[in-house]
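**Student:** Be aware that the sequence shown starts at 414, since it is given in my numbering, and climbs by one per residue.
Don't be surprised by glycine CBs; every beta carbon is placed ideally from N, CA and C.
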Amino acid sequence: MKIRTMAYGAYLGLSILVSLTISLLPVIAIIFWFFQNLDPLITSFGWPFVDFQNFFETQFSATYPMFVFDHFWFLLLLVPIVLFSFVIFVGFLITMLRVARRGMPYLEDGYYQKESEDWLLYELSQIYYLIVPHFIWFLSFLFESKFRPAWFGAKIGKGTIIGGGHIMTPERITIGDNCMIGFGSVITGHMYQDKTLYLKEVKIGDSVTVGGYAIIFSGAVIGDNAIIGANTVVPQDKVIPPNTIWVRGKAIPRKDLPGTDPMVVDGVDGDIDLEKLPDKDNRSKQ
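1) For the candidate residues 462, 650, 445, whose alpha-carbon lies nearest to that of residue 524?
2) Taking residue 434 as part of the alpha helix (DSSP H), name the residues at either end of that continuous run.
3) Assuming residue 523 is part of the beta strand (DSSP E), what are its boundary residues?
4) Quick check: the Cα distance between residue 428 and residue 441, rounded to an integer number of angstroms?
5) Does the beta-carbon of residue 417 have 16 or more other beta-carbons within 10 angstroms, so that it is buried, or is it exposed?
6) Tell me where the alpha helix (DSSP H) around residue 534 begins and ends.
7) Using the Cα positions of residue 522 and residue 613, report the straight-line distance between them to the nearest angstrom.
8) Taking the Cβ atom as the reference point for each residue, do residue 595 and residue 623 lie within a distance shorter than 7 Å?
9) Can you grab the Cα-Cα spacing for the pair residue 419 / residue 425, in whole Å?
10) Just to confirm my understanding: we take residue 619, look at its own chain, exclude 5 residues before and 5 after, and list those with CB closer than 8 Å. What are they?
11) Which whole-angstrom value describes the C-beta separation of residue 640 and residue 658, a residue pair presumed to lie in contact below a C-beta threshold of 8 Å?
12) Going straight from the alpha carbon of residue 482 to that of residue 472, what length do you get?
13) To the nearest angstrom, how far is it from the Cα of residue 532 to the Cα of residue 549?
14) Express the C-alpha separation of residue 485 and residue 539 in angstroms, rounding to a whole number.
15) Mapping the DSSP letters down to three states, classify residue 563 as helix, strand or coil.
16) For a quick check, are the C-beta atoms of residue 480 and residue 451 less than 7 Å apart?
17) Helix or strand or just coil, what does DSSP make of residue 547?
18) Roughly how far, in whole angstroms, is the beta-carbon of residue 583 from the beta-carbon of residue 562, given that I think they are within contact range, below 8 Å?
19) For residue 621, report the span of its beta strand (DSSP E) as first-last.
20) Using a Cβ-Cβ cut-off of 7 Å (strictly less than) and excluding sequence neighbours within five positions of residue 604, which residues of its own chain qualify?
21) Strictly by DSSP, which residues pair up with residue 627?
22) Out of 606, 454, 602, 635, which one is the CA nearest neighbour of residue 617?
23) How many whole angstroms separate the CB atoms of residue 460 and residue 507, which I take to be in contact at a CB cut-off of 8 Å?
24) DSSP puts residue 612 in a beta bridge; with which residues?
See the structure below:
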């Protein structure tokens with residue numbers, strides 16, 4: 414392993430540790446502030462807070478130590494305080510990781526030899542993006558859908574929903590407006606072929622629907638209003654024309670859109686009878 418790769422590996426580990434440390438500082442400060450000030454603040458309002466605390470102390474003074482009553486409201490509200498602090502921690506962490514990632518070299522689109530120095534540096538740079546889910550836990554429904562890939566460089570248009578889909582290499586993904594990315598689908602700007610790594614931007618137009626568990630590989634270009642069928646694969650560098658349905662290796666014009674010609678406009682294999690596909694009315698009844 415070359416010195417340059419080792420240096421970037423050390424930078425990766427150190428930057429993650431620094432990011433975690435800095436992200437914890439505001440959390441410690443917030444919890445300490447609540448510990449010191451929450452009880453005096455709440456009791457300053459008087460009734461009913463003081464009466465409730467006095468009642469609890471009268472009933473359980475023989476059971477719990479005085480520490481519980483000295484910090485009664487802090488302990489009572491400890492769970493929401495911790496959750497609030499955790500949100501702050503996640504916000505600082507993903508910001509720090511995003512900044513640290515800029516210190517890693519960026520590989521231009523193209524082919525790279527597997528296990529070469531460039532390939533290793535690319536793998537190291539992706540760790541910043543991939544480790545985020547291990548820290549956000551139950552907040553994944555907020556950060557995993559659209560925010561995380563957009564925060565790390567993906568261009569995602571207005572009204573687009575990432576419905577449980579996975580966006581890899583976000584810096585190489587462009588998705589237009591009003592798209593729907595189905596559950597379990599994968600959009601990736603990298604692809605491993607034999608002993609090479611292929612990197613190229615994926616471009617998805619407006620109002621595109623990507624079915625569940627579909628895979629879109631690097632270099633694919635998908636036109637506006639296209640539908641990518643569930644469990645299908647869009648190969649690398651494939652161009653899907655606008656207003657078509659991609660299924661079984663063919664791009665079929667959509668019959669529910671005006672001005673489409675009922676013929677296969679692109680395809681390499683498969684045998685699909687266009688007339689047997691359910692029309693718009695029949696689909697709505699199913």
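**Tutor:** Put simply:
1) On the sequence shown, residue 524 is found 111 positions in, with the first residue counted as 1. A check of alpha carbon separations from residue 524 across 462, 650, 445 identifies 650 as the nearest.
2) Taking the first residue of the sequence shown as 1, we reach residue 434 at position 21. For residue 434, the uninterrupted alpha helix (DSSP H) run begins and ends at 416–456, by DSSP.
3) The residue given as residue 523 occupies position 110 in the sequence shown. Unbroken beta strand (DSSP E) run through residue 523: 523–526.
4) Stepping through the sequence shown from its first residue, residue 428 is reached at position 15. Stepping through the sequence shown from its first residue, residue 441 is reached at position 28. Looking at the two C-alpha atoms, the distance is approximately 20 Å.
5) If you number the sequence shown from 1, residue 417 lands on position 4. With fewer than 16 other Cβ atoms from the protein chains shown falling within 10 Å of its own Cβ, residue 417 counts as exposed.
6) Taking the sequence shown and counting its residues from 1, the one referred to as residue 534 is at position 121. 530–543 is the extent of the alpha helix (DSSP H) around residue 534.
7) Counting from 1 along the sequence shown, the entry for residue 522 is found at position 109. Counting from 1 along the sequence shown, the entry for residue 613 is found at position 200. Note on geometry: alpha-carbon atoms of residue 522 and residue 613 lie some 5 Å from one another.
8) Residue mapping note: residue 595 aligns to position 182 of the sequence shown, counting from 1. Residue mapping note: residue 623 aligns to position 210 of the sequence shown, counting from 1. Yes, Cβ-Cβ distance for residue 595 and residue 623 is below 7 Å.
9) As a first step, residue 419 is located in the sequence shown; it is residue number 6 there, counting from the start. As a first step, residue 425 is located in the sequence shown; it is residue number 12 there, counting from the start. Approximately 10 Å between the Cα atoms of the pair.
10) Locating residue 619 in the sequence shown gives position 206, counting from the first residue. Answer for residue 619: 570, 589, 590, 591, 592, 637, 638, listed in chain order.
11) By one-based count along the sequence shown, residue 640 stands at place 227. By one-based count along the sequence shown, residue 658 stands at place 245. With 8 Å as the limit, residue 640 and residue 658 qualify as a contact, their Cβ atoms being about 5 Å apart.
12) In the sequence shown, residue 482 corresponds to position 69, counting from 1. In the sequence shown, residue 472 corresponds to position 59, counting from 1. Roughly 12 Å between the two C-alpha positions.
13) Your numbering for residue 532 matches position 119 in the sequence shown. Your numbering for residue 549 matches position 136 in the sequence shown. Within the model, the alpha-carbon separation for residue 532 versus residue 549 is close to 28 Å.
14) By 1-based counting over the sequence shown, the position of residue 539 is 126. By 1-based counting over the sequence shown, the position of residue 485 is 72. Inter-residue distance for residue 539 and residue 485 is about 45 Å (C-alpha atoms, whole angstroms).
15) As a working note, residue 563 is residue 150 in the sequence shown. In the three-state DSSP reduction, residue 563 falls in the helix class (H, G or I).
16) As a working mapping, residue 480 is identified with position 67 in the sequence shown. As a working mapping, residue 451 is identified with position 38 in the sequence shown. Against a cut-off of 7 Å, the Cβ pair of residue 451 and residue 480 comes out as no contact.
17) Residue mapping note: residue 547 aligns to position 134 of the sequence shown, counting from 1. In this structure, residue 547 counts as helix in the three-state DSSP scheme.
18) On the sequence shown, residue 583 is found 170 positions in, with the first residue counted as 1. On the sequence shown, residue 562 is found 149 positions in, with the first residue counted as 1. Residue 583 to residue 562, Cβ: 4 Å. Contact.
19) Along the sequence shown, read from residue 1 onward, the residue named residue 621 stands at position 208. First-last for residue 621: undefined, no H or E at that position.
20) Numbered from its first residue, the sequence shown carries residue 604 at position 191. Around residue 604: 611, 630, 631, 649.
21) Here residue 627 refers to the residue found at position 214 of the sequence shown. DSSP links residue 627 through a beta bridge to no other residue.
22) Taking the sequence shown and counting its residues from 1, one reaches residue 617 at position 204. Measuring from the Cα of residue 617, the nearest candidate turns out to be 635.
23) For the purposes of this step, residue 460 is taken as residue 47 along the sequence shown, with counting starting at 1. For the purposes of this step, residue 507 is taken as residue 94 along the sequence shown, with counting starting at 1. Contact between residue 460 and residue 507 fails: their C-beta atoms lie close to 43 Å from each other, not under 8 Å.
24) Looking up residue 612 in the sequence shown gives position 199. The partner list for residue 612 (beta bridge, DSSP) reads 523, 603.
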